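Quick notes on the structure that follows.
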Amino acid sequence: STCVSVWEEVSIMDEKNIPIRTYQVCNVLEPNQNNWLRTDWIPRSGAQRVYVEVKFTLRDCNSLPGVTGTCKETFNLYYHESNEDRESYIKESSFIKVDTVAADESFTQVDVGDRIMKLNTEVRDVKVTTRKGFYLAFQDVGACIALVSVRVFYKTCPLTIRNLATFPDTVTGADTSSLVEVRGSCVNQSEEREEPKMYCGADGEWLVPIGGCLCSPGYEEKGSASCTAGFYKAKSSDPGCSKCPPHSHSLRDAATVCDCHSGYFRSDADPPSMACTQPPSAPQQLISVVNETSVVLEWTPPRRLGGRSDTSYSLECLICQTAGRLCLPCGSDVLFSPSQTGLKTTKVVVSELRAHTHYTFIVHARNGVSLASGAGATQSVSVSVTTNQAAPSPVSFVQATDVTRHSLSLSWQQPDRPNGVILEYEVKFYEKDQKERSYRIMRTFSQSVDVTGLSPLTVYVFHVRARTAAGYGEFSAPFEFSTNSDPFPLIGEGVNSAFLLLSVSGVGILLLISAAVFIISRRRSKYSKTKQDSEEEKHLNPGVKIYVDPFTYEDPDQAIHDFAKEIDVSSIHIEKVIGMGEFGEVCSGRLRVQGKREIYVAIKSLKAGYSDKQRRDFLSEASIMGQFDHPNIIRLEGVVTRCKPLMIITEYMENGSLDSFLRKHDGQFTVIQLVGMLRGIASGMKYLSDMNYVHRDLAARNILVNSNLVCKVSDFGLSRVLEDDPEAAYTTRIPIRWTAPEAITYRKFTTSSDVWSYGIVMWEVVSYGERPYWDMNNQDVMKAVEEGYRLPAPMDCPVVLHQLMLDCWERERAERPTFSQILNMLDKLIRNPGTLRRTVVPEVCVPERSMCEWLQSIGLERYRDTLAAAGYTSLDSLLGITHQ
22 STCVSVWEEV SIMDEKNIPI RTYQVCNVLE PNQNNWLRTD WIPRSGAQRV YVEVKFTLRD
82 CNSLPGVTGT CKETFNLYYH ESNEDRESYI KESSFIKVDT VAADESFTQV DVGDRIMKLN
142 TEVRDVKVTT RKGFYLAFQD VGACIALVSV RVFYKTCPLT IRNLATFPDT VTGADTSSLV
202 EVRGSCVNQS EEREEPKMYC GADGEWLVPI GGCLCSPGYE EKGSASCTAG FYKAKSSDPG
262 CSKCPPHSHS LRDAATVCDC HSGYFRSDAD PPSMACTQPP SAPQQLISVV NETSVVLEWT
322 PPRRLGGRSD TSYSLECLIC QTAGRLCLPC GSDVLFSPSQ TGLKTTKVVV SELRAHTHYT
382 FIVHARNGVS LASGAGATQS VSVSVTTNQA APSPVSFVQA TDVTRHSLSL SWQQPDRPNG
442 VILEYEVKFY EKDQKERSYR IMRTFSQSVD VTGLSPLTVY VFHVRARTAA GYGEFSAPFE
502 FSTNSDPFPL IGEGVNSAFL LLSVSGVGIL LLISAAVFII SRRRSKYSKT KQDSEEEKHL
562 NPGVKIYVDP FTYEDPDQAI HDFAKEIDVS SIHIEKVIGM GEFGEVCSGR LRVQGKREIY
622 VAIKSLKAGY SDKQRRDFLS EASIMGQFDH PNIIRLEGVV TRCKPLMIIT EYMENGSLDS
682 FLRKHDGQFT VIQLVGMLRG IASGMKYLSD MNYVHRDLAA RNILVNSNLV CKVSDFGLSR
742 VLEDDPEAAY TTRIPIRWTA PEAITYRKFT TSSDVWSYGI VMWEVVSYGE RPYWDMNNQD
802 VMKAVEEGYR LPAPMDCPVV LHQLMLDCWE RERAERPTFS QILNMLDKLI RNPGTLRRTV
862 VPEVCVPERS MCEWLQSIGL ERYRDTLAAA GYTSLDSLLG ITHQ
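Sequential numbering of the sequence shown, starting at 22, is according to my numbering.
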């Protein structure tokens, strides 16, 4: 150190009588002292804040006589930053003051004589960040002081290991409150679980550990030791080494998976913790039942399943010759129900086979390891059958020739599969506009027929079917042909002009009369259909999938496995509860199936403590939904039945139920948007009706809306309630306001009763979620509907929409439109939005009309006394009434 001014280096004895060197100054008799003592250059060594510990003694001014006003009991500490040790002289103004230091204890002369040293220790911190080093300086301003020692140091957080991550020795931050973020590095044989971090505090303590590392596969945390032979660790997240599962072994240390014993296998999808398994043995007791050109095959599961539960079956179909038994694969036209491969059931119906033909069917049993390397061929069992006679397949092509104004000739090809000798053909035809309300039948032994007595300029629809000894086959698809427009033979050279004018006029009058009669007949029989029409319509739609009631299954688990996909619960991530269902909580979450993108789903769960009936009822809705595949029907993603709680997973509809969604956005949609919503609901209901499924609970609350405003039909549980409870029609469980009269009175639920409910849904949509029949109770609603009352048009409702509602509410169900007709009408409205501009105008109260007459005209005369009691006695007084 360099002494400046009157600081002196003096040796004194400490309290242990050991000599020590000090710097002293004691100019207390002279005023305005300014005595400096400066250190040598001190390198910073990366520190951002250094600490200065000063030990000193200081004499009490009161023990010095005659120094009043000039003696001080403090000194000042300064510092100056510099990049190099070359500054021999530094101006006082270049130093920055750290603090004024005072003594906690001072001494007197008597104390020194008694050798009682009162040593003071003070620590100050200095922020040094801009230069490579610094100087310290001590300024005396008139005190009697001795510096015993000066210690300069900085703090670090020491090297440490936390959560299997190493954190190096770290210098603390520049500020007393700063935290230095430090990233750790994983120790050997470990890997990051989450980025390891800690913070170095200003006092040199490690704070806030985040993340860490896990031992690598094959190693465990006990000193990162490797797994020994017979043990393994597959993932770093596993808690430690595990013993090899059954039928497997590990012969080396640090194994990440155990190898299977000879004859045992593991599939790519099997976790390492799963025991090694074997392929199944062959299916047992294969039996066949032939029904014309269909065969029912049934078998029992293999005696040995190989220790797995994922056994499935596949069928091989061969068509064989009698001589030599030469067999070839069946064609693609053969149908397998429920499927040909990936079967979980032990029963299959094979149809569309040829008549009088020899077939061989081979049933293979497979599981997850059947295709593993070294597993060998799949085990199978076979059976040979011969089909019987059967009805012919549909005629595939029909053409028309020799077309005139009143006749045409039809010809067609023989069916692809006659299945025997064709005995005759049947031709059914009708005018396209009549839609089978009136049709004619012709029969012929040849592959052609002359059709006469047709109307000119008219499009006709023709269907042809063939008959063998086994009966009629299905009708062909529709073929449309039009009669031509050749002029009358009378119109030509030499024809009298007056006669020509009269003929044309007569034709015009006949056309007008025919049009009038046609319009009236269309109006009267707008939507009626006979039972025969319905049956024929099914013939026109061969191959339509028909709904199977899951309650016909003796084993409900078989139904759920037939119609719903089992989902591994580990692929479901529940995020939040969004409601309560009949059986338990309804949550939203995410589903991530291997090989597919992650999707948002809704998750219904079955609460604990359920009965067998509640379990069956819960899963029956999934068995129903699993049969549907339509963009306007809620989609079933799958079920969880192999662990608790049981879950039903469906697609997630962001906007919830339609009624609450409309109430939330009252008046915010255009008429076209509302019609678009109705169109989607009608499309979904047409699909259900085509499958012969009756919903029974169609209402806006059971329609769900996604983020794209697509409406989807949901909630298929009411049919179960009505089947299980014979008195359900007379309880509050039945939705009276939405249900057709015949369904309430006679429990006659049909597609027509669903059409009535659809009319109520239309009213709900156009009124933005208003409650049907408002505050009327159920008894009043049933009485009013029976007496002919129908809901009036909502505000700003287009006339055509209200008329369609009224058509849906026809008393006779045969007079109501079908969903196909509703869909066609809505499509026309969307294509011609101008038809939606005319809205229903509420009837205006006219002075000459009495209150009673007006109420009678709108079917509300029963409210006359109620209105009169409330002070509404004239039509004028009603003008002030509010909706509420």
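In this text, a Cβ means the ideal position worked out from N, Cα and C, and glycines have one as well. Treat the numbers as computed from the prediction; the structure is a model and nothing was measured.
Buried versus exposed, by CB contacts within 10 Å (16 or more), Y884: Within the sequence shown, residue 884 is the residue found at index 863, counting from 1. Exposed.
In chain order, each beta strand (DSSP E) run of at least 3 residues that lies wholly inside the stretch 259 to 343: 305 to 312, 315 to 321 and 333 to 341
Spatial distance of N505 from M706 (CA atoms): As a working note, residue 505 is residue 484 in the sequence shown. As a working note, residue 706 is residue 685 in the sequence shown. Rounded to whole angstroms, N505 to M706 spans 39 Å at the Cα level.
DSSP bridge partner residues for D146 (one or two, in chain order): Here residue 146 refers to the residue found at position 125 of the sequence shown. DSSP, once it has assigned bridges, lists Y72 as partnering D146.
Three-pair Cβ contact test at 8 Å for the stretch 415 to 423 versus the stretch 394 to 405: no
Coil, strand or helix - H385 by DSSP: Along the sequence shown, read from residue 1 onward, the residue named residue 385 stands at position 364. Strand.
Where D120 sits in the DSSP three-state scheme: Taking the sequence shown and counting its residues from 1, one reaches residue 120 at position 99. Of the three classes helix, strand and coil, the one that applies to D120 here is strand, per DSSP.
Cβ-based neighbour list, E143, same chain, cut-off 7 Å, excluding 5 preceding and 5 following: Residue mapping note: residue 143 aligns to position 122 of the sequence shown, counting from 1. Closer than 7 Å at the Cβ level, and outside the excluded window around E143, lie V75 and V122.
Reference I645; option with closest CA among V317, I693, Y568 and S632: Numbered from 1 along the sequence shown, position 624 holds the residue referred to as residue 645. It is Y568.
Through-space distance from A761 to T753, alpha-carbon basis: Residue 753 sits at position 732 when you count from the first residue of the sequence shown. Residue 761 sits at position 740 when you count from the first residue of the sequence shown. Low confidence applies here, because T753 scores a pLDDT of 45, under 50, leaving its location unreliable; read the following figure in that light. If I take the Cα positions, the gap works out to 15 Å.
F466 in three-state terms, based on DSSP: Translated into positions along the sequence shown, residue 466 becomes position 445. Note: F466 maps to coil in three-state DSSP.
Per DSSP, cross-strand counterpart(s) of K911: Not covered by the structure: residue 911. The range shown for the chain is 22 to 905.
Beta-carbon gap between C341 and C348 smaller than 7 Å: Taking the sequence shown and counting its residues from 1, one reaches residue 341 at position 320. Taking the sequence shown and counting its residues from 1, one reaches residue 348 at position 327. Yes, the pair counts as a contact, with Cβ atoms nearer than the cut-off.
Residue(s) in a DSSP beta bridge with H716: As a working mapping, residue 716 is identified with position 695 in the sequence shown. Answer is none; H716 lacks a bridge partner.
Inter-residue Cα distance where the pair is C47 and I63: Sequence index remark: in the sequence shown, residue 47 carries index 26 (1-based). Sequence index remark: in the sequence shown, residue 63 carries index 42 (1-based). C-alpha separation (whole angstroms): 27 Å.
Where the beta strand (DSSP E) through P217 begins and ends: Within the sequence shown, residue 217 is the residue found at index 196, counting from 1. Run containing P217: S211 to C221, per the beta strand (DSSP E) assignment.
Whole-angstrom distance between D775 and V786, CA atom to CA atom: Residue 786 sits at position 765 when you count from the first residue of the sequence shown. Residue 775 sits at position 754 when you count from the first residue of the sequence shown. Using only the alpha carbons, I get a separation of about 16 Å.
Where P868 falls: helix, strand or coil (DSSP): Working through the sequence shown from its first residue, we reach residue 868 at position 847. Note that P868 has pLDDT 40, beneath the 50 cutoff, so the model's placement of it is unreliable and the number below is only indicative. Note: P868 maps to coil in three-state DSSP.
Per DSSP, cross-strand counterpart(s) of V31: Residue 31 sits at position 10 when you count from the first residue of the sequence shown. DSSP, once it has assigned bridges, lists T43 as partnering V31.
Closest Cα partner of P179 within the set A167, T193, R172 and V169: Translated into positions along the sequence shown, residue 179 becomes position 158. Checked all of A167, T193, R172 and V169; the closest Cα to P179 is T193.
Cutoff 7 Å; reference Q435; Cβ partners in own chain excluding five residues on either side: On the sequence shown, residue 435 is found 414 positions in, with the first residue counted as 1. Closer than 7 Å at the Cβ level, and outside the excluded window around Q435, lie I443 and Q468.
Presumed contact (8 Å Cβ cut-off) between A643 and V660, rounded CB distance: For this step, residue 643 is matched to residue 622 along the sequence shown. For this step, residue 660 is matched to residue 639 along the sequence shown. Confirmed, about 5 Å.
A814 versus I599 - alpha carbon distance: As a first step, residue 814 is located in the sequence shown; it is residue number 793 there, counting from the start. As a first step, residue 599 is located in the sequence shown; it is residue number 578 there, counting from the start. Using only the alpha carbons, I get a separation of about 34 Å.
Stretch-stretch touch, CB-based, cutoff 8 Å, three pairs: the stretch 776 to 785 with the stretch 720 to 728: yes
Proximity winner among I182, N38, F357 and L50, relative to V88 (alpha-carbon distances): Translated into positions along the sequence shown, residue 88 becomes position 67. Per the Cα distances, L50.
Closest residue to W875 among D897, T860 and A891 (Cα-Cα distance): One-based indexing of the sequence shown puts residue 875 at position 854. Nearest C-alpha to W875: D897.
Enclosing alpha helix (DSSP H) for F690 [first to last residue]: The residue you call residue 690 lines up with position 669 of the sequence shown. Counting along the chain, F690 falls outside any alpha helix (DSSP H), and DSSP gives it neither H nor E.
K365 beta carbon less than 7 Å from that of H582: Translated into the one-based positions of the sequence shown, residue 582 becomes position 561. Translated into the one-based positions of the sequence shown, residue 365 becomes position 344. For H582 and K365, yes; Cβs fall inside 7 Å.
C-alpha distance - K93 paired with C165, whole-angstrom precision: To locate residue 93, count along the sequence shown from 1; it is residue 72. To locate residue 165, count along the sequence shown from 1; it is residue 144. Approximately 8 Å, taken between the alpha carbons.
Residues near P238 by beta carbon distance below 7 Å, same chain, minus five either side: Taking the first residue of the sequence shown as position 1, residue 238 is located at position 217. Only K254, A255, K256, S257 and T277 meet the Cβ criterion.
Any non-hydrogen atom of the ligand COA closer than 6 Å to F466 Cβ: Within the structure as shown, the ligand COA is missing, as the structure has no ligands at all.
Residue ranges of each alpha helix (DSSP H) within the stretch 601 to 649, 4 or longer: 633 to 646
Closest residue to A585 among D576, L640 and E319 (Cα-Cα distance): Counting from 1 along the sequence shown, the entry for residue 585 is found at position 564. Minimum Cα distance to A585 is reached at L640.
Residue of S294, T856 and L881 minimising C-alpha distance to H270: Reading the sequence shown from its first residue, position 249 is the one you call residue 270. Closest by alpha carbon: S294.
Rounded Cβ spacing between P323 and T332 (contact assumed at less than 8 Å): By 1-based counting over the sequence shown, the position of residue 323 is 302. By 1-based counting over the sequence shown, the position of residue 332 is 311. Sure, about 7 Å apart at Cβ, within 8 Å.
Candidates L475, V149 and S84, of which the one nearest N104 by Cα: Within the sequence shown, the letter at position 83 stands for residue 104. Closest option to N104, Cα to Cα, is V149.
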